[in-house]
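Numbering (the numbering used here), first residue to last: 60 to 603.
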């Protein structure tokens with residue numbers, strides 16, 4: 060690549076690639092510890108004043124960068140699953156914050172599936188506890204009988220409206236339990252932020268900042284501590300150098316090359332580089348950072364960079380009731396949850412698994428999200444639930460749905476497989492960088508789990524009193540994997556803090572570290588892991 064005469068070269072203490080949930084938290088903690096931090100974000104520099112309660116506006120918060128090419132038998136719609144600009148996907152996330160369960164960390168040991176995490180639930184528990192107090196988490200730890208051990212929520216649960224009450228009736232009729240959905244949305248004023256209005260505009264970024272998105276908490280904290288956030292800054296590659304003798308040579312990151320908002324090439328050097336640009340983009344950057352000495356990509360001696368991508372398959376169901384449901388009220392996430400189906404094996408609710416374990420189908424955990432607030436169209440839109448009708452029939456359906464609809468969804472676990480992966484395509488973006496291709500195919504067990512929950516969901520509607528209910532095809536959310544954490548360099552990309560085995564001064568953050576994703580939303584765990592990593596980096600042994 061030809062270097063222009065206008066190239067600007069600068070130095071700092073820490074470079075963070077990506078201004079989403081992980082990147083903004085790490086920027087805040089490291090800047091508060093006195094580090095000079097520069098955050099490079101490929102998307103726009105959103106501020107809280109940019110957010111509007113509008114369905115048209117909400118689309119702008121989704122991925123707006125170069126396309127991620129689809130692949131596999133069950134392609135993932137990347138635009139829905141990611142974000143663009145300050146806040147990343149966490150700017151438009153719905154605030155559902157359940158914790159992973161203890162068994163989620165031990166898939167291989169307990170079930171002979173996938174991989175174990177290098178840490179257990181007890182290692183992450185204190186960080187879950189601290190994060191919920193920092194951001195303000197609403198819920199009922201007593202009613203949430205499936206919840207792993209931990210500190211009670213700092214705020215009472217969000218209210219349950221008519222739609223939630225009606226759907227809960229169906230769960231209870233089938234002997235299933237429900238509890239308020241643990242949500243990073245304020246049920247009461249907290250640390251200078253107002254309580255929720257329950258008007259269902261979470262997908263538009265929450266203009267009043269009641270939802271714990273990065274613009275509400277960690278971006279302003281980082282900026283107040285001196286961190287620089289640069290928008291429209293596309294990182295092309297991590298710059299490395301070889302140190303030590305030939306037989307003990309170590310690769311170190313010394314900076315990044317990026318293109319600024321004008322399209323000009325820039326270089327910034329730092330002794331610590333953190334990649335926090337989500338699963339697909341972290342893997343793409345490592346693969347694009349290949350050199351003649353590292354032809355398979357950076358931090359890829361294991362051959363696992365880009366592999367073991369996973370996503371939750373969403374079993375989405377809709378129904379109409381004779382009574383009015385007030386489905387416009389609440390939050391985009393859910394009013395209630397049920398984790399009665401969280402056991403990996405039907406009937407199993409403990410870590411006591413018989414040996415030898417013989418798998419049966421379906422396999423995996425399930426969590427129900429009950430009663431999302433609905434809008435006329437777009438995501439969770441009434442019109443989108445019936446793409447098979449139009450014209451006069453759609454108008455009649457909308458009149459009914461606006462007052463009588465209810466929505467129910469199940470997050471279905473999928474065990475990560477190496478064949479589900481990110482790879483570089485021959486097509487390139489405007490900077491000449493290879494585009495990523497995201498290959499994704501559901502396993503037979505994952506598909507069986509999704510189908511099982513579709514049938515269970517229909518029974519729930521029937522038990523709740525609905526005479527008209529239907530389901531949607533699988534939709535995929537919550538991308539994870541691609542740069543797995545683990546104990547050994549031969550079988551993982553990073554250690555438990557996200558430090559790359561092959562590049563000791565380069566750290567990866569976010570859901571791309573997850574060896575598995577359970578059946579819960581990932582954002583809470585991303586925050587807890589990032590806080591743990593920040594403290595490690597701030598310590599004397601961690602910052603070098």
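Positions of the beta carbon are idealized from the N, C-alpha and C atoms, including for glycine. Remember, it's a predicted structure, so these values are computed and weren't measured experimentally.
query	result
Through-space distance from residue 393 to residue 120, alpha-carbon basis	20 Å
Contact belief for residue 543 with residue 357 at Cβ below 8 Å, rounded distance in angstroms	That pair is no contact at about 15 Å.
Stretch pair the stretch 579 to 591 + the stretch 146 to 162: three plus CB contacts closer than 8 Å	yes
Closest Cα partner of residue 234 within the set 400, 538, 440	400
Within 9 Å, strictly: CB atoms of residue 281 and residue 566	no
For residue 341, three-class secondary structure by DSSP	helix
Anticipated Cβ contact below 8 Å, residue 390 with residue 261, distance rounded	5 Å
Other residues of its chain near residue 408: CB distance less than 7 Å, five sequence neighbours each side excluded	Confidence at residue 408 is low in this model, with a pLDDT of 36, below 50, so its placement is unreliable and no value can be given for it.
Cβ-Cβ separation, residue 310 to residue 490 (assumed contact under 8 Å), whole Å	Not confirmed; about 24 Å, so no contact.
Residue 435 versus residue 443 - alpha carbon distance	8 Å
Buried or exposed by the 16-neighbour rule on C-beta atoms within 10 Å, applied to residue 644	It is not possible to answer for residue 644, since the shown part of the chain is limited to 60 through 603.
CB contact check: residue 446 to chain B, cutoff 9 Å	Reference to chain B is not applicable here, since this structure consists of a single protein chain.
Residue 590: first and last residue of the uninterrupted alpha helix (DSSP H) it sits in	582 to 597
DSSP-derived helix/strand/coil call for residue 187	helix
Contacts around residue 591, its chain only, beta-carbon distance under 6 Å, and the 5 residues preceding and following it disregarded	186
Residues that residue 244 bridges to, as DSSP identifies them	270
Span separating the alpha-carbon of residue 131 from that of residue 66	40 Å
Backbone secondary structure at residue 316 - three-state DSSP	strand
Segment contact, 8 Å Cβ cut-off, at least three pairs: the stretch 107 to 125 with the stretch 263 to 271	yes
Selection from 556, 502, 577, 561 that minimises the alpha carbon distance to residue 568	556
Residue 465 versus 424, 420, 380, residue with shortest Cα-Cα distance	380
Coil, strand or helix - residue 410 by DSSP	Unreliable positioning characterises residue 410 in this predicted model, as indicated by a pLDDT of 32, which lies under 50. The coordinate reading is nonetheless provided below. Coil, per DSSP.
Residue from 199, 163, 174, 167 whose Cα sits closest to the Cα of residue 183	163
DSSP state of residue 544 mapped onto helix, strand, coil	strand
Three-state secondary structure assigned by DSSP to residue 499	coil
Option in 147, 216, 199 with minimal Cα separation from residue 208	199
Contact under 9 Å by Cβ, residue 331 with residue 98	no
Nonlocal neighbours in the same chain, by C-beta distance under 7 Å from residue 604, ignoring five residues either side	Here the chain comprises residues numbered 60 to 603, so residue 604 is not present and cannot be evaluated.
Neighbour-count burial assignment, residue 486, 16 or more Cβ in a 10 Å radius	exposed
Counted within 10 angstroms of its Cβ, other Cβ atoms place residue 518 as buried (16 or more) or exposed	exposed
Proximity winner among 463, 189, 470, 422, relative to residue 370 (alpha-carbon distances)	470
Segments of 3+ residues assigned as beta strand (DSSP E) that fall wholly inside the stretch 319 to 382	324 to 328, 331 to 334, 369 to 379
Span separating the alpha-carbon of residue 488 from that of residue 129	15 Å
Reference residue 447, options 322, 532, 79, 498, closest by Cα	532
Residue environment, residue 366, which counts as buried when at least 16 other CB atoms sit within 10 Å	buried
Per DSSP, cross-strand counterpart(s) of residue 175	165
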